[in-house]
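Trainee: This structure is in structure tokens; I'll ask about it shortly.
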Amino acid sequence: MKKSISSQKEKKHTGFIDRFLSAVSDHPEAIAIEYEDEPQKNFTYAGLLEKMERFKGFFEKKEVSKNEIVALILPAGDDFISIFYGLVSAGGVALPLNSGLTLFEMKNILTDAQPAGVVCTGKILAAYRKLFEQIPGIRFIAVIDTAAEQAGDSIAIESVQGFNGVRSPLCPPPGNPVSTCHYTYRGCGYPLGVTHRYQDYTLCVNGMENRYPLRPDDAFLIGLPIYPIYGISILVIFPLSLGCRLVIAKNFMDQNFVDALERHRVMFTCLVPMILPKLASELKSRAGPGNINMHPHIVIGSSATLLPKKLHEEIAELSGLEIIQGYGLTEALSVSATFRKIPEERGTLGAPIHEDIVVKLIDYQGHEVAPGTLGQILVGGPTVCEGFLNKPEENKRFFKNGFFHTGDLGYVDGNGFLNFEGRALPIAKVAAQMVDLVEIESVMLMHPDVIKAKAVEKKAPVGRNYVSLTVVARNKSGLDEKKLQRFCSAWLSPYKVPAQITVITKDTLS
Numbered sequence: 022m023k024k025s026i027s028s029q030k031e032k033k034h035t036g037f038i039d040r041f042l043s044a045v046s047d048h049p050e051a052i053a054i055e056y057e058d059e060p061q062k063n064f065t066y067a068g069l070l071e072k073m074e075r076f077k078g079f080f081e082k083k084e085v086s087k088n089e090i091v092a093l094i095l096p097a098g099d100d101f102i103s104i105f106y107g108l109v110s111a112g113g114v115a116l117p118l119n120s121g122l123t124l125f126e127m128k129n130i131l132t133d134a135q136p137a138g139v140v141c142t143g144k145i146l147a148a149y150r151k152l153f154e155q156i157p158g159i160r161f162i163a164v165i166d167t168a169a170e171q172a173g174d175s176i177a178i179e180s181v182q183g184f185n186g187v188r189s190p191l192c193p194p195p196g197n198p199v200s201t202c203h204y205t206y207r208g209c210g211y212p213l214g215v216t217h218r219y220q221d222y223t224l225c226v227n228g229m230e231n232r233y234p235l236r237p238d239d240a241f242l243i244g245l246p247i248y249p250i251y252g253i254s255i256l257v258i259f260p261l262s263l264g265c266r267l268v269i270a271k272n273f274m275d276q277n278f279v280d281a282l283e284r285h286r287v288m289f290t291c292l293v294p295m296i297l298p299k300l301a302s303e304l305k306s307r308a309g310p311g312n313i314n315m316h317p318h319i320v321i322g323s324s325a326t327l328l329p330k331k332l333h334e335e336i337a338e339l340s341g342l343e344i345i346q347g348y349g350l351t352e353a354l355s356v357s358a359t360f361r362k363i364p365e366e367r368g369t370l371g372a373p374i375h376e377d378i379v380v381k382l383i384d385y386q387g388h389e390v391a392p393g394t395l396g397q398i399l400v401g402g403p404t405v406c407e408g409f410l411n412k413p414e415e416n417k418r419f420f421k422n423g424f425f426h427t428g429d430l431g432y433v434d435g436n437g438f439l440n441f442e443g444r445a446l447p448i449a450k451v452a453a454q455m456v457d458l459v460e461i462e463s464v465m466l467m468h469p470d471v472i473k474a475k476a477v478e479k480k481a482p483v484g485r486n487y488v489s490l491t492v493v494a495r496n497k498s499g500l501d502e503k504k505l506q507r508f509c510s511a512w513l514s515p516y517k518v519p520a521q522i523t524v525i526t527k528d529t530l531s
């Protein structure tokens, strides 16, 4: 019989590093990280702990002090996970970032966060090196895959490949310090830093574990990026707290999902709605539930964007599987999810994952609305962050009386399930990523021939969201959709570039 990690009572206030250490103690030789295409790179729990402790030693060598931010710009894998745990244990604040950000986007975030250091790959360093050297406060850059030491113009650039310095024992950070910083958008036109304390994740793990009980060695297939907050909390912290096995595939989108889920006997995975039509197509090719040999208790979650009810029903009919819909926010971690596996939950956001998470809806005057009435979704409880990093005015606007005002609109139905009905803020979700429509408009106004710009979110016939932009040009200067899209792409990530641009000249309006 597998040894349990600890009792529920002991876990209630136990942080994720404590739980990981307990998992190591219970089964040190169990696989913690499994690379589907490169099994020689697999890590046991004991091996992963050793790597975490080496990185913690590195951060102590660099004298990373409590509450100092370090940017992690790394691909998903054992390096990212080990560095994250080592940094948090050392008392630092992890700032995980997407390696595909443009120079404009990266500069805005780093200028606001003022990190003390950056950990990245050699390729990422080459792309952003000049920018890193322009950011005040960065005193070191650690490169994980380059053996040679490099001399930076103003910053120490150091290789940590095979770092053999003193291992520092992994342990929870003392007290309850800020441990992570993630950036999001709220329609302000610029990114906002969201900081969470170490114990914020504890309630999130408790709620997920109570909702979806798992056992040591159950396989988690990583189907989402792990740098966003939902990737860190659901696909890293949650499974490693339970002693589960993380399965990482390099070319996930190119694989047959059903084959991968069967091959690894996957117990839990989380996907985005734009991937699920591919899953439905593969299930359809199997011609019936009897030809599917996945884990009998598999949990397939959908996150980042609301799963269309029609697609939800199609997958259920093809396989007998009920997709789990989650709702979370950078500012509040996991908030609610479906879990009863009943048709009435389809198309909803379910119920709060923990009794301490409070969701209520208010009207435009701030009064709480009755069930069935549309209102703005507010979230309160221990998982809600204390505010945006160095943004007092934005904090007054979005954090009131212990609740975070999400800007999302919805209602609670007769079954007590939360339903999503859109947004009151100028933000959108495109390719499961948060998009600030004001930021897009601001970028377009930098074009010398554009005097006005208005971005809106639209939905294509197949259900995918996209950004549509209307611009007013100074004159008939030959501007067209493709030229303006190329201009945007120099400043913004591909998913933010408007899929549709309408150009109106100033003369037309007069």
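According to the numbering used here, the residues represented by the sequence shown are 22 to 531, in order. C-beta: ideal position from N, C-alpha, C; glycine also. If you're wondering where the values come from, they're calculated on a predicted model, not measured in any experiment.
If you reduce the DSSP assignment to three classes, tell me which class Arg266 lands in.
Mentor: If you number the sequence shown from 1, residue 266 lands on position 245. Shown here, Arg266 sits in a strand according to DSSP, grouped into three states.
Trainee: Just verifying my parser: in three-state terms, what is the DSSP assignment at Phe241?
Mentor: Locating residue 241 in the sequence shown gives position 220, counting from the first residue. Phe241 falls in the strand class under three-state DSSP.
Trainee: With 16 as the cutoff for other CB atoms within 10 Å, does Met73 come out buried or exposed?
Mentor: For the purposes of this step, residue 73 is taken as residue 52 along the sequence shown, with counting starting at 1. By the neighbour-count rule (16 or more Cβ atoms within 10 Å), Met73 is buried.
Trainee: Hey, out of Lys151, Ala111, Ala148 and Ala147, whose CA is closest to Thr201's CA?
Mentor: Along the sequence shown, read from residue 1 onward, the residue named residue 201 stands at position 180. Checked all of Lys151, Ala111, Ala148 and Ala147; the closest Cα to Thr201 is Ala111.
Trainee: Quick check for students: name the residue ranges of the beta strand (DSSP E) that lie wholly in the region 258–328, counting only runs of 3 or more.
Mentor: As far as the region 258–328 is concerned, its whole beta strand (DSSP E) runs of at least 3 residues are 266–269, 287–292 and 320–323.
Trainee: Comparing C-alpha positions only, which one of Ala163, Ala97 and Phe409 sits nearest to Val532?
Mentor: Given that the chain is displayed from residue 22 to residue 531, the structure contains no residue 532 and the question cannot be resolved.
Trainee: If we count Cβ pairs, one from each stretch, closer than 8 Å, do we get three or more for the region 464–472 versus the region 488–497?
Mentor: yes
Trainee: Please report the straight-line C-alpha distance between Gly36 and Asn231, rounded to a whole angstrom.
Mentor: Here residue 36 is taken as the residue at index 15 of the sequence shown, counted from 1. Here residue 231 is taken as the residue at index 210 of the sequence shown, counted from 1. Straight-line Cα distance between these residues: approximately 16 Å.
Trainee: With H, G and I counted as helix, E and B as strand and the rest as coil, what does DSSP make of Ala134?
Mentor: Position 113 of the sequence shown, counted from the first residue, corresponds to residue 134. Assigned with DSSP and collapsed to three states, Ala134 falls in helix.
Trainee: Would you check if the region 221–228 and the region 90–104 touch, i.e. whether three or more CB-CB distances between them fall below 8 Å?
Mentor: no
Trainee: Can you round the beta-carbon distance between Cys291 and Gly244 to whole angstroms, since I take them to be within the 8 Å contact cut?
Mentor: If you number the sequence shown from 1, residue 291 lands on position 270. If you number the sequence shown from 1, residue 244 lands on position 223. At roughly 6 Å, the Cβ-Cβ gap stays under 8 Å, so Cys291 and Gly244 are in contact.
Trainee: Nearest by alpha-carbon distance to Ile345: which of Asn119, Phe419, Leu354 and Ile374 is it?
Mentor: Counted from its first residue, the sequence shown places residue 345 at position 324. Nearest C-alpha to Ile345 among Asn119, Phe419, Leu354 and Ile374: Ile374.
Trainee: Among the residues of its own chain, which have a CB less than 6 Å from the CB of Met315, if the five just before and after it don't count?
Mentor: For the purposes of this step, residue 315 is identified with residue 294 of the sequence shown, where counting begins at 1. Contacts found: Leu282 and Glu283.
Trainee: Name the residue from Tyr348, Gly371 and Val45 whose alpha carbon lies nearest to the alpha carbon of Leu191.
Mentor: On the sequence shown, residue 191 is found 170 positions in, with the first residue counted as 1. Per the Cα distances, Val45.
Trainee: Could you tell me which residues DSSP pairs with Met455 in its beta bridges?
Mentor: For the purposes of this step, residue 455 is identified with residue 434 of the sequence shown, where counting begins at 1. Beta-bridge pairing links Met455 to Lys450.
Trainee: Any heavy atom of the ligand ATP inside 7 Å of the beta-carbon of Gly244?
Mentor: Looking for the ligand ATP in the displayed structure turns up nothing, as the structure carries no ligands at all.
Trainee: Roughly how many whole angstroms lie between the Cα atoms of Leu332 and Phe424?
Mentor: Counting from 1 along the sequence shown, the entry for residue 332 is found at position 311. Counting from 1 along the sequence shown, the entry for residue 424 is found at position 403. Going by the C-alpha atoms only, they are around 33 Å apart.
Trainee: Pull up the CB-CB distance for Pro136 and Ala92, whole angstroms please, since I reckon it's below 8 Å.
Mentor: If you number the sequence shown from 1, residue 136 lands on position 115. If you number the sequence shown from 1, residue 92 lands on position 71. With a Cβ gap of about 5 Å, Pro136 and Ala92 count as contacting.
Trainee: Pull up the CB-CB distance for Tyr432 and Leu399, whole angstroms please, since I reckon it's below 8 Å.
Mentor: Walking along the sequence shown from the start, residue 432 turns up at place 411. Walking along the sequence shown from the start, residue 399 turns up at place 378. Incorrect: roughly 13 Å between the Cβ atoms, too far for contact.
Trainee: Among residues of its own chain, excluding the 5 on either side of Ile145, which ones have a beta-carbon nearer than 6 Å to its beta-carbon?
Mentor: If you number the sequence shown from 1, residue 145 lands on position 124. Contacts found: Ile94 and Ser120.
Trainee: Helix, strand or coil: how does DSSP classify Lys421 here?
Mentor: The count along the sequence shown starts at 1 and reaches residue 421 at position 400. Reduced to three states, the DSSP call for Lys421 is strand.
Trainee: Distance, Cα to Cα, Asn272 vs Ala391?
Mentor: Within the sequence shown, residue 272 is the residue found at index 251, counting from 1. Within the sequence shown, residue 391 is the residue found at index 370, counting from 1. So the alpha carbons of these two residues sit roughly 47 Å apart.
Trainee: Determine the burial state of Met127: buried for a count of at least 16 other Cβ atoms within 10 Å of its Cβ, exposed for fewer.
Mentor: For the purposes of this step, residue 127 is taken as the residue at position 106 of the sequence shown. Sixteen is the threshold: when 16 or more other Cβ atoms of the shown chains lie within 10 Å of the Cβ of Met127, as they do, the residue is buried.
Trainee: Counting only runs of 4+ residues fully inside the region 467–497, write out the alpha helix (DSSP H) ranges in chain order.
Mentor: If we require 4 residues or more, the region 467–497 turns out to have no alpha helix (DSSP H) run fully inside it.
Trainee: Where do the N-terminal and C-terminal ends of the alpha helix (DSSP H) with Glu74 fall, by residue?
Mentor: Taking the first residue of the sequence shown as position 1, residue 74 is located at position 53. Per DSSP, Glu74 belongs to the alpha helix (DSSP H) from Tyr66 to Lys82.
Trainee: Using 8 Å as the cut-off, can you tell me whether the region 205–214 makes contact with the region 444–459, which would need three or more C-beta pairs spanning the two stretches below that distance?
Mentor: At 8 Å Cβ cutoff, the stretches touch.
Trainee: In its own chain, which residues sit with a C-beta less than 6 Å from the C-beta of Glu502, not counting the 5 before and 5 after it?
Mentor: Locating residue 502 in the sequence shown gives position 481, counting from the first residue. Contacts found: Ile522.
Trainee: State the DSSP-derived secondary structure class of Glu389, mapped to helix, strand or coil.
Mentor: Your numbering for residue 389 matches position 368 in the sequence shown. Correct three-state label for Glu389: strand.
Trainee: What does the alpha-carbon distance come out to for the pair Leu327 and Pro294?
Mentor: By one-based count along the sequence shown, residue 327 stands at place 306. By one-based count along the sequence shown, residue 294 stands at place 273. Answer to the nearest angstrom: the Cα atoms are 7 Å apart.
Trainee: Which residues in the same chain as Glu389 place their Cβ atom closer than 6 Å to its Cβ, once the five residues preceding and following it in sequence are excluded?
Mentor: On the sequence shown, residue 389 is found 368 positions in, with the first residue counted as 1. So the list reads Lys381 and Ile383, once near-sequence residues are dropped.
Trainee: Please classify Pro212: is it buried, with 16 or more other beta-carbons within 10 angstroms of its beta-carbon, or exposed?
Mentor: For this step, residue 212 is matched to residue 191 along the sequence shown. Buried.
Trainee: Considering only DSSP beta bridges, list what Ala147 is partnered with.
Mentor: Position 126 of the sequence shown holds residue 147. Answer is none; Ala147 lacks a bridge partner.
Trainee: My guess is that Ala358 and Tyr348 are in contact by the Cβ rule of under 8 Å, so how many angstroms apart are they, rounded?
Mentor: On the sequence shown, position 337 is the one that residue 358 refers to. On the sequence shown, position 327 is the one that residue 348 refers to. The Cβ separation is near 7 Å, so the contact holds.
Trainee: Would you tell me roughly how many angstroms separate the C-alpha atoms of Arg40 and Val139, rounded to the nearest one?
Mentor: Locating residue 40 in the sequence shown gives position 19, where the first residue counts as 1. Locating residue 139 in the sequence shown gives position 118, where the first residue counts as 1. Cα to Cα, Arg40 sits roughly 27 Å from Val139.
Trainee: With a 10 Å radius around its C-beta and 16 neighbouring C-beta atoms as the bar for buried, classify His34 as buried or exposed.
Mentor: Taking the sequence shown and counting its residues from 1, one reaches residue 34 at position 13. His34 comes out exposed.
Trainee: Inspect the beta-carbon positions of Asp133 and Leu458 and report whether they are closer than 8 Å.
Mentor: One-based indexing of the sequence shown puts residue 133 at position 112. One-based indexing of the sequence shown puts residue 458 at position 437. No.
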